[in-house]
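According to the numbering used here, the sequence shown holds residues 8 to 348 in order. Every residue, glycine too, gets a C-beta built ideally from N, C-alpha and C.
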Amino acid sequence: MIRTEPTKTINPAIQGLRGAAALAVMLVHVHFMALNGGLTKLSGPAWIEDLGPYAVMLFFCISGYLITSTLSRHGDVRRFAVNRVARIYPVFGLLHLVMFTAGPFMNYEWMGALRGDPLAWAGHFVSNLLFLPGIFDLPIAQKNTWSLSYEAWFYLVAGLLSAGLRRRWTLPGMILSGLALLMISVVAWREVKVVFFAVGALVWWGRRRGLLNAPPLAGILGVLGCVGGFSLYCHGHYLLSAAAALVFFAGLATNCGFLARVLSTPPLLWLGKVSYSLYLLHPFVLDVLRRLCVKMATHFPGVPSLAVFWGAGIIAVLLASAACHALVEVRLTRFCFPRRG
């Protein structure tokens, strides 16, 4: 996720989509954490299980659009790589340290076995630090960071393609482009959902070529693309879902239609600003509150533990996300990666 646009301003609809997607992921996790903790017995409709993953697919669309825009505009792959590291690692790195410090001692799932095996601890520490578990069959510490594995993969192939295309018809350029295409083929064969990155890239290309204008039925097409894309995703038709998402996302990129106006509202814009912290931090906050609410339900049966978990959980996550964004994403990042020139 990056903070730049082709016009060097933030597209409000896309920023709001980022916030809405992060909110959807959090709400889905609140529901299932309450269910798994015994705070509720209502599993809800089947489509809830697909809501979070589909929201992540929309994150992939956003990355495809913005990363393609950035590399096309600047073309400085080294600067791009540094910016990606500065964007991802401050928040993730701190939570990564928390997981590998506390996880083994709290017997968190598979991490309990790491206490007596420092070599295994170091190996999993490095593999998770490099976002390998999401793509490869390796144990993952922060479960929701599987999406960052694909984000990191996309950054790598996009950077290689950009460098290769700028040196086209030269041997180094052909090697870089060939390596990128090989990586795309291998990962796409294993996980077809990476096609959602291409959705964003295609929308950016169409916008740059002047092919995306405001159609008369932009609002209706956007709603149909959004709802249809989610419905197709729920039924496992991922390529068709991506095609429907293309229609939806194209309307947002041009700020056309009803959904673009809804996503441009101040609450969703604010959520978009803190979305990265919200996405990574919410499982930690919710896990602590769930443990407290489970104990509350045991010792104080009359207290509505589920309502407390939902209400306090959402408020605590939003406050923690705002603090993390200000202190880590902004201040710590500026300290660790000072701007030059």
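Straight across, the Cα-Cα distance linking Ile-142 with Val-193 is about 11 Å. Scanning its chain for C-beta atoms nearer than 8 Å, with the 5 sequence neighbours on each side dropped, one finds around Leu-259 the residues Asn-18, Ala-20, Ile-21, Leu-24, Gly-229, Leu-266, Ala-267 and Leu-270, in chain order.
C-alpha of Gly-235 to C-alpha of Ala-28: approximately 16 Å in a straight line. Setting aside the 5 residues that flank it on each side, Ser-282 is surrounded in the same chain by Arg-25, Gly-26 and Ala-29, each with a C-beta closer than 7 Å to its C-beta; the list follows chain order. The alpha-carbon separation between His-81 and Ala-327 amounts to approximately 34 Å.
Here Val-310 carries a coil assignment [DSSP, helix/strand/coil]. A straight line joining the alpha-carbon of Leu-34 with that of Ala-170 spans about 40 Å. DSSP places Thr-261 in the coil class of the three-state scheme, outside both helix and strand.
By a beta-carbon distance limit of 8 Å, Leu-288 contacts Cys-331. Their separation comes to about 5 Å. Counting C-beta atoms within 10 angstroms of its own C-beta, Val-89 has fewer than 16 neighbours from the protein chains shown and is therefore classed as exposed. One Cα belongs to Phe-204, the other to Ile-321, and the distance between them is close to 29 Å.
When the Cα atoms are used, Thr-305 and Tyr-115 turn out to be separated by approximately 22 Å.
About 36 Å separates the beta carbons of Val-292 and Leu-246, which is beyond the 8 Å limit, so they are not a contact pair. Nearest to Phe-237 by alpha-carbon distance, out of Tyr-157, Ala-53, Gly-123 and Arg-174, is Ala-53. Counting C-beta atoms within 10 angstroms of its own C-beta, Asn-220 has fewer than 16 neighbours from the protein chains shown and is therefore classed as exposed. In this structure, DSSP gives Glu-336 a helical state, which the three-state scheme calls helix.
For Gly-226 against Gly-264, the beta-carbon gap comes to about 4 Å, under 8 Å, which counts as contact.
In the three-state reduction of the DSSP assignment, Leu-219 falls in the coil class, being assigned neither a helical nor a strand state. Between Lys-200 and Met-64, the beta carbon gap of about 6 Å places them in contact (Cβ cut-off 8 Å). Looking at Phe-39, Val-206, Ser-79 and Cys-241, the one whose alpha-carbon comes closest to that of Phe-67 is Val-206.
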